[in-house]
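Just so we're aligned: the sequence shown equals residues -24 to -1, 1 to 455 in mature numbering (1 follows the signal peptide of the UniProt record, and there is no 0).
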Amino acid sequence: MRSVTWSLCAVLCLCAWGVGDCRSGEPSGALRRRRSPDDDAKKCSYTFLVPQQKITGPICASATGPEPDKDRVTRMDIVEVRDVLSKQRREIETLQLVVDVDGNMVNEMKLLRKESRNMNSRVTQLYMQLLHEIIRKRDNSLELAQLENRILNVTSEMLRLASRYKELELRYSAMASLVNNQSVLINALEEQCLRTYSRQELPVVPPLVQVVPENLPINNRFTNEIQRDHNRAFPRGSRMDSSPTANPVGFPPPPQGTLSSDGPFRDCYQVRQAGHATSGMYLLKVDGSERLIQAWCEHGLDNGGWTVFQRRKDGSVNFFRNWENYKKGFGNIDSEYWLGLENIYNLGKQGDYRLLVELEDWVGKKVYAEYSSFHLEPESESYRLRLGTYQGNAGDSLSSHNGKQFTTLDRDKDSFTGNCAHFHKGGWWYNACGQTNLNGVWYTGGVYRSKFQDGIFWADYGGGFYSLKSVRMMIRPID
Ligand SMILES: [Ca+2]
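This is the structure we're talking about:
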């Protein structure tokens, strides 16, 4: 291209400067112009070596000299074109970059859209869960409120019932008090009526022990259940069924591990002196006797050493028994039992003993009656009771039995015309009949109702119609 351009330039120069005639169609190659005589005059000649080129089109030369050709491509144009080209190239590159970036952005947008869709579905799911939870909570709170309301209602009902119960209790107390006091009066009136109008032979009953109002065992003694069925503790007919066990010492064998391997001891005081400080079952052998006896030793009371010979606590043992039973003893050493008149007599022979009677009412209060001396006379004297002087906080209900013989249903040694054991349903040193009946029927609740005063009562502590919850009689040598 460049060579063609240069060739054209050279031809044009020649034409402009030369003879003025330019013919086309002349063969190219080595062109040698002949000098005319005019040429010689100018003394200037040029020889152009033009590369041989095949001319396919017409070559025109203007005789009028070069004119500015508007269509002529100049170097400037080329430069401009190049500039434009490079500029466009840069723009293309920029656009390419933009396109690339846009493509990335599109991808990112797509991802974001996808993510957004996922997020939306997740948010919807969470929203549904939240809604569900809110509904559930609302239901729960409703239920809770209903429950609270019910609790409030029940509480108010309970309070109302409690106050009603208290009211009834007071009325019942008054009624029970009235009944208790009237029962004595009714009995007396009945007796009087029968004597006056029927002239019949009256059944002999012992006088009732009066209620002792100034020494009540508990503050609300009449709030306890009154026992209307006095046969509840033991069914009728079974009272005399029990017989002494065949055990040689009068008691069933003790549970393993509860009996001390030491001993036998002459009494629980000796057990205590031997260093045993735990209350429990111990083996005793009193002086002048070859028989071994089991007894409960109480070491937790007043320095210990007490030999317990009578115990009531739960009504588990029937105490309405015959002479032989009371002589030999019966019951269970670790619950309710009677050590036996013979054993008590033998113990008392060993030395000077004092007696402690422990009484517990139905609110757990314990009171005591202590007698400065205690022993029994032999069986030939029906185990007559010998007591010293009283001290304590239970009141003295036993001194009136001092000097009395022991009476059972089958051996009447009391001062009453009838048999006190029949009315009091136990065995005791009855007078006519008594101020206390610690071998009577074990009633629950304290105050009881019965035709006869057959409960476990201590007249100076609660009167004849209050049956104690637990009782213990125990002896210890005088210090
Ligand atoms: Ca009698």
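From the three backbone atoms N, C-alpha and C, an ideal C-beta is built for every residue, glycine too.
In the DSSP annotation of this structure, the continuous segment of the alpha helix (DSSP H) that includes I320 starts and ends at L317 to K325. With distances taken between CA atoms, T283 lies nearest to E334 out of N294, E334 and E300. An exposed status is given to T172, since fewer than 16 other beta-carbon atoms sit within 10 Å of its beta-carbon.
Every residue whose Cβ sits closer than 5 Å to any heavy atom of ligand 1 is listed here in chain order: D388, D390 and F392. W272 and K303 have their C-alpha atoms roughly 18 Å apart. Using a C-beta cut-off of 8 Å, the segment 354 to 368 makes no contact with the segment 390 to 401, since fewer than three inter-stretch Cβ pairs fall below that distance. Residue range K342 to L352 is occupied by the beta strand (DSSP E) that includes K342. For A271, the uninterrupted beta strand (DSSP E) segment begins and ends at I269 to E274. Residue pairing of V284 in beta bridges, as defined by DSSP: W272 and M450.
Its Cα nearest to that of S356, the residue Y321 stands out among E133, D47, Y321 and N301.
In the displayed model, V155 falls within a helix according to three-state DSSP. If you ignore the 5 residues before and after G276, its C-beta comes within less than 7 Å of the C-beta of S255, all in its own chain and listed in chain order.
With respect to the 8 Å criterion, F241 and I451 are not classified as neighbours on the basis of their beta carbons. A direct Cα-Cα distance of roughly 25 Å separates T383 from S265. When the beta-carbon positions are compared, G324 and L315 stay at least 8 Å from each other. A distance of 8 Å or more separates the beta carbons of G438 and Y419. Annotation for E300: no beta strand (DSSP E) segment contains it, though the alpha helix (DSSP H) segment containing it runs W299 to K304.
Ranking N294, T50 and F441 by CA distance to the CA of G421 puts F441 first. The Cβ-Cβ distance between K445 and D337 falls below 8 Å. Judged by DSSP secondary structure, R242 falls outside any beta strand (DSSP E); it is assigned neither H nor E. R48 sits in coil when the DSSP states are folded into three classes, being neither helix nor strand. In the structure shown, the three-state DSSP call for T100 is helix.
By the 16-neighbour rule on beta-carbons within 10 angstroms, P183 is exposed. Apart from sequence neighbours up to five positions away, the residues of its chain that approach K389 with a beta-carbon distance below 6 Å are S358, Q381 and T383, ordered along the chain.
Here V262 has R242, D243, I269, N319, N322, L323, K325 and Q326 as same chain residues with Cβ atoms under 8 Å from its own Cβ, once five neighbours each way along the sequence are excluded. In this structure, the CA atom of N308 is about 15 Å from the CA atom of V447. Note: V82 is not bridge-paired with any residue in the DSSP secondary-structure output.
For secondary structure counted as the alpha helix (DSSP H) over 4 or more consecutive residues, the segment 91 to 136 holds no complete run.
Straight through space, the alpha carbons of D76 and E67 are spaced by roughly 14 Å. For G403, no pairing in a beta bridge is given by DSSP.
With fewer than 16 other Cβ atoms inside 10 Å of its own Cβ, C169 counts as exposed.
Between F433 and A408, the gap from beta carbon to beta carbon reaches 8 Å or more.
Each residue's CA atom was taken as its position, placing K342 and Q249 some 27 Å apart. Secondary structure note for Y366: its beta strand (DSSP E) is the uninterrupted segment Y366 to G368.
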